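Worksheet: the structure to be examined is printed underneath.
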Amino acid sequence: MVKFEVTCPPNSKCAVDLQMHTCSCREWDLIGIPCMHAVACIGFNNLKPEDFVHPWYSRSTHEQLYGFFIKPTAGEEYWTKSNEDPVQPPKLKRPPGRPKKQRKKGAEEPKDPYKLKRSLGPIVCGKCGGSKHNIRTCKGPSIASSSKKKEKNSSRKSNVVPIGTNSTVASADGTNSTQGTPLVGRDFPPERPSPSAQVYIK
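Following UniProt numbering, the numbering of the sequence shown begins with 1 at its first residue and continues without gaps.
Given below as structure tokens:
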């Protein structure tokens, strides 16, 4: 058998072709060494995996690659010396600014190991009361303006005066009691209250 369908967990299938030396996982195609799916198929046919390795890894290829003669070289003290000036390293230039005396610390290192960092709470805007920004970058309405509007609305509601008919009834003990039935509520200014109609019953 040459072509196989190998099932491996978790529920994955690979197609192996021993004649073309290919596998659908592409590992055998890229490195030239049979993958685990190909090795399973080779073992099923009672063959050796070494026979399916690419010729790049064979001993004959390495002998052919390094078969040329490598000339021996003498040590550095026997090299031919030149009459030119020796190569010098570049001159050191002082960079601008004050020289740094402390090394750069990593991101996980604390700036001062002997002093704990103060843990700040969430940022709250003093203008609108929102989070994640301050009053300098706030674009929302202020709390003071909204509270003033609430005060104005509450003052208007407190100035509502009911309009109705008030009746004064004389009780048995000689005292008069006033009874009213509000009909309609309107918003009147505090300096000019609405007059009420009174009906006296004899």
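Built from N, CA and C at the ideal position, the CB exists for glycine as well. Computed from a prediction, not measured in an experiment: that's the story for all the values here.
TODO: Along the beta strand (DSSP E) that carries residue 205, what are the first and last residues, could you check?
DONE: Nothing can be reported for residue 205, as the shown portion of the chain is limited to 1 through 202.
TODO: Within 10 angstroms of the Cβ of V16, are there 16 or more other Cβ atoms? Answer buried if so, exposed if not.
DONE: buried
TODO: Out of P113, S119, D112, K139, state which residue places its alpha-carbon closest to the alpha-carbon of C125.
DONE: K139
- [ ] Have a look at H37, I33, I31 and flag the residue whose alpha-carbon is nearest the alpha-carbon of P9.
- [x] H37
Task: Where the alpha helix (DSSP H) through E27 begins and ends - done: 27-31
TODO: Select from N45, L30, T7, N11 the residue whose C-alpha is nearest the C-alpha of L18.
DONE: N45
TODO: Find out if the Cβ-Cβ distance for the pair F52, P34 is shorter than 7 Å.
DONE: yes
- [ ] Give me the Cβ distance between residue 203 and A40, rounded to the nearest whole Å; I'm assuming they're in contact under 8 Å.
- [x] Here the chain comprises residues numbered 1 to 202, so residue 203 is not present and cannot be evaluated.
Task: Cβ distance (whole Å) where P141 is taken to contact C128 below 8 Å - done: 6 Å
Task: Boundaries (first-last residue) of the beta strand (DSSP E) holding T137 - done: Note, T137: premise wrong, no beta strand (DSSP E); not H, not E.
Task: Coarse secondary structure for C41, derived from DSSP in three states - done: helix
Open item on the list: Which same chain residues end up closer than 7 Å to I135 when comparing Cβ atoms and leaving out the 5 residues on each side of it in sequence?
Closed with: C125, G126, K127
Open item on the list: My output table needs one value for T61: the three-state DSSP class, helix, strand or coil.
Closed with: helix
- [ ] Look up F68 in the DSSP assignment and say whether it is helix, strand or coil.
- [x] coil
Task: Separation of G43 from E50, as counted between CA atoms - done: 11 Å
Task: For L30 and residue 251, the rounded distance between their alpha carbons - done: Residue 251 cannot be examined here, being either before or after the span of the chain that is shown, 1 to 202.
Task: Counted within 10 angstroms of its Cβ, other Cβ atoms place W56 as buried (16 or more) or exposed - done: exposed
Open item on the list: If you reduce the DSSP assignment to three classes, tell me which class E76 lands in.
Closed with: helix
- [ ] Let me know if W79 comes out buried or exposed under the rule of 16 or more other beta-carbons within 10 Å of its beta-carbon.
- [x] exposed
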